[in-house]
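Worksheet: the structure to be examined is printed underneath.
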Amino acid sequence: MARSANTEPVVLAILDGWGNRADAEANAIAEAKTPIFDRLAARGVRTMLATSGEAVGLAPNQPGNAEAGHRAIGTGRIETQATLRIAKAIAGEDGESLSDNPQLRTLIQKAKSVGGAVHLISLISPAAVQGHQYHAAVLAALLSHEGLQVWIHAILDGEDSDPMSGADHLAEFLNDIEGAENATLASVMGRRFALDRLRRPAQLARALDAIGEADVPITEYAVPYVAECYGKGISDADIPPVVMPSYRGVRQDDLFLVSLLRPNAATPLLLGLLGDEDAPARHTRRLDISAIYSLAPLAAPLAERAVPFFDLPRLNGTLSEALAAQGKRQCHISDQTFPEALGTFHTGGRTALFDGENRLVIPGPKKQQFERKPELAALDMADTLVAQIKAGAADVYVMHFPNVSYAAHMGDVGLTRKAAETIDKALGKITAILEKRGGTLIITSSHGNAEDMRRDEQGRINASNTRSAVPLIIDGPKGLAKTLALRPGRLSDVAPTLLALLDLDIPQEMTGQPLLVSAGAELHETA
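No gaps in the numbering here: position 355 of the sequence shown is 358 in this note's numbering, and each next residue is one more.
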């Protein structure tokens, strides 16, 4: 069907964690004061998108996550996620075998030749969002069987899993590696130290002290230590770093093996350990390690140095490529805490820019106080967009706001409400300039989270991602809502829908379908 005339500029705003749930109980989205979003939802065309399980290439019934969601949005297809491919390799399915992986064999040869130990850095969690403890257990056993010393740096979750389930997960993990004689637990800490989303120097410094020098408190019994922290009201994500009595830190010629799924998760940690000047905090001495390996590819600037066991295919026919090929200028605007979302995730692994493409990463406040003010760079991002539109810099803009998801993962409903209200203010700025220019705003989310923060039987708030659908709203020039409607769909339908709105060709590689239909037509879900 033909698009509505004069829809440019088009702004696609992706609000991580902004899911849909009818029940207002413990629903931070429903509780937040969001007059702009509510107005856009009422006057624009709206539908719901599936964001979890097989709809984004994950296991059935698995909650969605930012990486799977953003890849589906940007590439316009459902792609099997790394966690499923790794699970099949461990099981020896589809012609792949982890034990015979060429990069794993290279690691083993390298470690034996230089006499170094392997430092296995892993999230101890079954959530399979940023990592899976089973992957780490299998790796530890394989390397131990080869006679290598394996030091395990256990990072507790608490965001994508129950906030006080880490003690049980750690006990299960230790039981799984009990027969691996050369695999030894080295350190234990919460993810907000080792994998801090906000990249706070003080948090990261303590993780560096633990892994690099073993210069943190010592505990002989890891699981009871975690349980003791629970008694003090400290949940998994905030467990202070400790080391085991036998651990002495990283030594010359040791190797790092990162058992994580998210490319950017360990970037600050590794840069800090390597003494890189771009790290939020740096280790006291430059570690002379012999190599870095990873289960899945790492993000820049570590992509060139780390050797992944499982590489992700570079995808053609993405939204960025389609826009560039048809002469549309595009600008991607991100917060500095998560530039990869609109970088390698959206582009199917491509880091180079297409003709007419620009990526802007906006820094947040110098003194990060997210727990009190969850703004990050949201309002500055909106101001940047306004300036770009006034300058006529692009035809299509893509924006990523991670605030709501970050806050929800902290298990704080009040903070999450504030984050949603901040995003609403940003939407107000965006809407104002688009109304003046006759442009179009498309709003969606990469996954659900903040809409369901109910407490469990122990009174703990659910801080993990959900299986909820998310909204897709298109608000454009006057009359658009009278001529267009939207069918229900999946995140992979966003890119084809945007291209159809602009009357552009949809790449044959995209398996998603445009959801636009004439107003009044029967609406059916995407097949």
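Note that CB positions come from ideal geometry on N, CA and C, so glycine has one too.
- Message: With a threshold of 6 angstroms on Cβ separation, who are the neighbours of residue 335 within its own chain once the five nearest residues in sequence on each side are excluded?
- Response: 345, 362 and 401
- Nonlocal neighbours in the same chain, by C-beta distance under 7 angstroms from residue 300, ignoring five residues either side: Closer than 7 angstroms at the Cβ level, and outside the excluded window around residue 300, lie 266, 306, 311, 314 and 315.
- Message: By alpha-carbon positions, which one of 511, 42 and 202 ends up nearest to residue 367?
- Response: 202
- Message: Between the alpha carbons of residue 190 and residue 284, how many angstroms are there, rounded?
- Response: 19 angstroms
- Task: May I have the straight-line CA-CA distance separating residue 444 from residue 14, to the nearest angstrom?
- Result: 5 angstroms
- Message: Assuming contact is defined by CB atoms lying nearer than 7 angstroms, are residue 124 and residue 156 in contact in what I supplied?
- Response: yes
- Can the beta-carbon of residue 107 be found closer than 7 angstroms to that of residue 242? no
- Task: Run the CB neighbour count on residue 448, radius 10 Å, all protein chains shown included, and call it buried at 16 or more, exposed below.
- Result: buried
- Residue interval of the alpha helix (DSSP H) (run including residue 175): Per DSSP, residue 175 is one residue of the alpha helix (DSSP H) stretching across 169-179.
- Task: Report back the beta-carbon spacing between residue 74 and residue 515 to the nearest angstrom; my notes put them in contact at under 8 angstroms.
- Result: Wrong, their Cβ atoms sit about 12 angstroms apart, outside the cutoff.
- Task: Please name the residue or residues paired with residue 402 in a DSSP beta bridge.
- Result: 16 and 336
- Nearest CA to the CA of residue 162: which residue from 455, 489, 409 and 493? 409
- Taking the continuous alpha helix (DSSP H) assigned at residue 31, which residues delimit it? 31-34
- Three-state secondary structure (DSSP) at residue 62? DSSP places residue 62 outside both helix and strand once states are collapsed to three, so it counts as coil.
- Task: Give the range of the beta strand (DSSP E) segment to which residue 296 is assigned.
- Result: 294-297
- Does DSSP put residue 7 in a helix, in a strand, or in coil? Only weak support is given to the placement of residue 7: the predicted model assigns it a pLDDT of 43, under 50, and the value that follows is read from those uncertain coordinates. Coil at residue 7, not helix or strand.
- Please work out which residues of its chain come closer than 6 angstroms, Cβ to Cβ, to residue 495, disregarding the five sequence neighbours upstream and downstream, and give them in chain order. 75, 79, 80, 81 and 515
- Message: Between residue 258 and residue 121, how many whole angstroms is the CB-CB distance? I'm expecting something under 8 angstroms.
- Response: About 5 angstroms separates the two Cβ atoms, so the contact holds.
- Report yes if the CB atom of residue 378 is closer than 7 angstroms to the CB atom of residue 425, and no otherwise. yes
- Task: With distances taken Cα to Cα, identify the nearest neighbour of residue 48 among 509, 508, 498 and 486.
- Result: 486
- Please report the residue range of the beta strand (DSSP E) in which residue 1 lies. Residue 1 lies beyond the stretch modelled for the chain, which goes from 4 to 530, so this question has no answer here.
- Message: Could you check whether the stretch 317-331 touches the stretch 286-305, counting it as contact only if at least three pairs of C-beta atoms, one from each stretch, sit closer than 8 angstroms?
- Response: Output reads no: the stretch 286-305 does not touch the stretch 317-331.
- Message: Alpha carbons only, please: which of 403, 411, 388 and 460 is nearest the one belonging to residue 440?
- Response: 388
- Task: Measure from the alpha carbon of residue 359 to the alpha carbon of each residue in 398, 468 and 365, then state which is nearest.
- Result: 398
- Message: For the structure I just gave you, are there three or more beta carbon pairs, one from the stretch 221-230 and one from the stretch 246-264, closer than 8 angstroms?
- Response: These segments touch.
- Is it the case that the Cβ atoms of residue 459 and residue 24 are separated by a distance below 7 angstroms? The answer is no: Cβ separation not under 7 angstroms.
- Message: Check this for me: beta carbons of residue 375 and residue 66, under 7 angstroms apart or not?
- Response: no
- Per-residue DSSP class, three states only, for residue 57: helix
- Query: Given residue 113, which residues of its chain have a CB within under 6 angstroms of its CB, disregarding the five upstream and five downstream residues?
  - Reply: 294.
- Task: With a 10 Å radius around its C-beta and 16 neighbouring C-beta atoms as the bar for buried, classify residue 195 as buried or exposed.
- Result: buried
- Message: Please state the DSSP three-state secondary structure of residue 76.
- Response: Helix.
- Message: Looking at the secondary structure, which residues open and close the alpha helix (DSSP H) in which residue 413 lies?
- Response: In the DSSP assignment, residue 413 falls outside any alpha helix (DSSP H), carrying neither H nor E.
- Item | Residue range of the alpha helix (DSSP H) that includes residue 93 | It spans 85-94 - the alpha helix (DSSP H) in which residue 93 sits, taken as one unbroken run.
- Mind checking which residues open and close the beta strand (DSSP E) that includes residue 156? 153-159
- Task: Report the residue from 212, 141 and 166 whose alpha carbon sits nearest the alpha carbon of residue 183.
- Result: Among 212, 141 and 166, the Cα nearest to that of residue 183 is on 141.
- What do you get for residue 343, buried or exposed, if any count of 16 or more other CB atoms within 10 angstroms of its CB means buried? buried
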